[in-house]
Amino acid sequence: MSQAAAVAGPLLRVSGVTVRFGGITAIDNVSFEVRPGELLGLIGPNGAGKTTMMRAIVGIHRPQQGSVSLAGRRLDKLSVDARIRAGLALSQQLVKPFREVDVQDNVALAAGAAKTRTPLQALLHVDRQAERRVALEALERVGIARLAAQSPRTQPLGVLKRLEMARALALRPRLLLLDEPLAGLNSKEASELARTIADINRQGMTIILIEHNLGEVMRICKRLVVLDNGRKIADGLPTATMNDPGVRAAYLGGEVDAAA
Numbered sequence: 068m069s070q071a072a073a074v075a076g077p078l079l080r081v082s083g084v085t086v087r088f089g090g091i092t093a094i095d096n097v098s099f100e101v102r103p104g105e106l107l108g109l110i111g112p113n114g115a116g117k118t119t120m121m122r123a124i125v126g127i128h129r130p131q132q133g134s135v136s137l138a139g140r141r142l143d144k145l146s147v148d149a150r151i152r153a154g155l156a157l158s159q160q161l162v163k164p165f166r167e168v169d170v171q172d173n174v175a176l177a178a179g180a181a182k183t184r185t186p187l188q189a190l191l192h193v194d195r196q197a198e199r200r201v202a203l204e205a206l207e208r209v210g211i212a213r214l215a216a217q218s219p220r221t222q223p224l225g226v227l228k229r230l231e232m233a234r235a236l237a238l239r240p241r242l243l244l245l246d247e248p249l250a251g252l253n254s255k256e257a258s259e260l261a262r263t264i265a266d267i268n269r270q271g272m273t274i275i276l277i278e279h280n281l282g283e284v285m286r287i288c289k290r291l292v293v294l295d296n297g298r299k300i301a302d303g304l305p306t307a308t309m310n311d312p313g314v315r316a317a318y319l320g321g322e323v324d325a326a327a
């Protein structure tokens with residue numbers, strides 16, 4: 068059974084989430100759902116609250132109000148580690164691989180996270196062959212298995228972005244959260260990585276994508292949720308959403324180039 072078919076109803080439900088930092092409201096009563104098998108674009112101008120929303124979902128930030136549920140299970144009281152074990156994985160914008168080990172072992176360390184939460188567990192699990200197999204599978208999914216034995220020190224940004232995604236996939240999540248994976252890439256690299264993301268989604272992975280490259284977002288996402296100043300201002304099909312006057316006003320005073 069596919070991941071999409073394994074859950075009845077929304078896979079993720081965000082209900083009335085509010086996140087404040089001191090006197091600043093970063094997320095203001097935001098609600099949305101993600102259906103199993105969906106590739107959802109979470110977009111908005113700079114400072115809209117997208118990354119804060121993503122981090123609230125995974126538990127890095129704790130909302131003052133609202134709730135987050137995965138497959139009907141409330142996550143609000145769970146730690147980041149517990150949420151990852153429940154089925155979330157976050158691929159972050161800033162890529163920070165372990166440069167002392169090769170590409171495959173970088174992913175294997177993520178695959179073995181459940182075994183190495185404490186030093187004692189790490190000592191009891193010195194055989195990493197199973198994790199290395201999972202790592203190679205993840206590297207194949209993102210298209211860089213040929214680089215498994217190489218050092219991340221020598222890799223360009225485009226490869227490191229794929230490595231970060233492979234580390235998230237190695238956790239075998241139910242929901243993959245991608246925070247600006249195309250940032251810093253040239254147009255060819257961005258197009259190829261967007262195609263890889265769409266392929267992974269077609270294989271059954273549910274994905275939330277934060278991205279400023281609206282051309283690629285429009286090409287691969289089937290639904291958009293738009294934030295502005297911490298509030299949700301739109302939720303719907305890409306073309307209709309980007310033509311919404313409120314969305315156009317949020318971007319560059321109403322001038323939106325979906326091909327940019």
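As numbered in the numbering used here, residues 68 to 327 make up the sequence shown, in order. The beta carbon of each residue, even a glycine, is placed where N, CA and C say it ideally should be.
Beta-bridge analysis with DSSP links residue 78 to no other residue. Per DSSP, the continuous beta strand (DSSP E) segment holding residue 291 begins and ends at 290-295. When C-beta atoms of the region 101-114 are compared with those of the region 147-160, fewer than three pairs fall below 8 Å, so the two segments do not count as touching. Under the DSSP definition of a beta bridge, residue 246 partners with 277. With contacts defined by Cβ atoms closer than 8 Å, residue 206 and residue 124 do not form a contacting pair. In terms of Cα proximity to residue 97, the closest of 248, 82, 127 is 82. Under DSSP, residue 299 takes part in a beta bridge, and its partners are 294. By a beta-carbon distance limit of 8 Å, residue 234 does not contact residue 166. Their separation comes to about 14 Å. When the five nearest sequence neighbours on each side are left out, the beta carbons in the same chain lying within less than 6 Å of the beta carbon of residue 87 are those of 131, in order along the chain.
Listed as beta-bridge partners of residue 84 by DSSP are 97. Excluding the 5 residues flanking it on each side, residue 209 has same chain C-beta neighbours closer than 8 Å at 229, 230, 232, 233, 236, 263, 267, in chain order. By the criterion of a C-beta distance shorter than 7 Å, residue 261 is surrounded in its chain by 249, 283, 286, 287, once the five residues flanking it on both sides are discounted. The three-state reading of DSSP puts residue 141 in strand, counting E and B together.
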